[in-house]
Structures are given as C-alpha cells and as structure tokens.
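With this note's numbering applied, the sequence shown covers 11 to 182.
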Amino acid sequence: RILKLVTEGLAEFSLLRMFAYGSAFTSVSGKTVSAFLAYLVSHGSPQAAIIGLDLLSAVSHRQGIEDQIDLDVVSALILHPAFFETPPAGRHSQMTPYHWTEIAHKLIALRPDQVLPIGRKMLEFLGERSSIAGDAFSKVRGVLNEITKEHPGERWELAASYLALPLNHHGF
C-alpha cells in the first residue's frame, strides 16, 4: 500500500528510506522488496538509488531472501549511475560503499553473468573521486579483485582498453 501511495504521487519517494531502519522491512516478502527496488531504480534519481541500496542491505541478511528477490533489479541497482557519478552531497555517505560492496559480492556469487558488467563499470570509473570505485583504499576494490581472480583474461581485456593513448587517470 505504501508503494502505491508513492507511485501515485501521494507520498514522496524519500519516505521509503525509513524502511531501511529497525525491523520495519524485515518481514516483507522478496516480491515486495523487488517492487520497491524496481520503483526506486526506475525513479532515476541518485537519492532513490541510495535508498534502494539501504533497503536491500536491510533485508539481505535474511535467510533465503536472495531466492525471492529479482536479481535483474539488484543488478540494475548496483550499476546505477548514482554510484559512479558525483553524489548529491558531493560524496557518498560512509555506509554507501560498504552496502554496495556487500550487495555486489552477493550478486556476483548468485549471478556470474553479472561479473563482467560490474567489472566494466568499475574500471570505467576507476580513479574518479566522485565514483564509488574511485578511492584506492576502499573496500569496493575487493569486488574488482574478486572479478580479477575469477576472470583474469576478461578483466585484462577490459583494463587494456584504458591503456591506450592518451593516458589519463584510468591508465595509471
């Protein structure tokens, strides 16, 4: 019902953030979680994507939930431009990289076909400070390391494409 209020414009989408805290979202079905995520991803705003990530993180620890959530929606969320462009506040909150990393690791384990799209997106924005992949010492780099271990050949082909002239921060 709450999602219906938001989709009909009777409530602001930002109110959905409250479900990421406490136990409000812990008993919601995977189908409902997927509906919330699909709406937030389709909204297009960085704030909506970050709320989606927070909501997904709040339920991702539940046993068996990954069998109920639409993993295509999760993939769209992980690859959302909000995580690779300058965030609204100028930088990502402290928990955003942590949640993104945890969800990306789970997605890679459940959907090996998403490894290369995630790796490609990370390499594209590697070294850009505003990107979730920009900090050289971030836990987010663990996702790229995992991709490299599992698919070294494909990862090298992606990385080599950034080594051509003119060299920029990607090449270094």
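Glycine is no exception: its CB is placed at the ideal position from the N, C-alpha and C atoms. It should be emphasised that the depicted structure is a prediction, and the values quoted were computed from it without experimental measurement.
Going straight from the alpha carbon of residue 94 to that of residue 127, what length do you get? 13 angstroms
Nearest candidate by alpha-carbon position, reference residue 82, set 150, 169, 121: 121
Mapping DSSP to helix, strand and coil, what is residue 89? coil
Out of curiosity, what's the CA-to-CA distance linking residue 16 and residue 22? 6 angstroms
For the alpha helix (DSSP H) containing residue 28, list its first residue and its last residue. No alpha helix (DSSP H) holds residue 28; DSSP gives it neither H nor E.
Please report how far the alpha carbon of residue 68 lies from the alpha carbon of residue 159, in whole angstroms. 28 angstroms
Considering Cα atoms alone, identify which of 12, 36, 89, 19 is closest to residue 133. 89
Kindly give me the distance between the Cβ atoms of residue 65 and residue 85, rounded to whole angstroms, as I take these residues to be in contact under 8 angstroms. Between residue 85 and residue 65 the Cβ distance is about 16 angstroms, and since that is not below 8 angstroms, they are no contact.
Residues of its chain near residue 156, where Cβ-Cβ distance is below 8 angstroms and the 5 sequence neighbours each way are ignored: 115, 118
Assuming residue 26 contacts residue 50 (C-beta within less than 8 angstroms), just tell me the rounded distance between them. 7 angstroms
Euclidean distance between Cα positions of residue 92 and residue 55: 7 angstroms
In this structure, how does DSSP classify residue 104 when only helix, strand and coil are distinguished? coil
Among the candidates 28, 135, 39, 75, whose CA atom is the shortest distance from the CA of residue 113? 75
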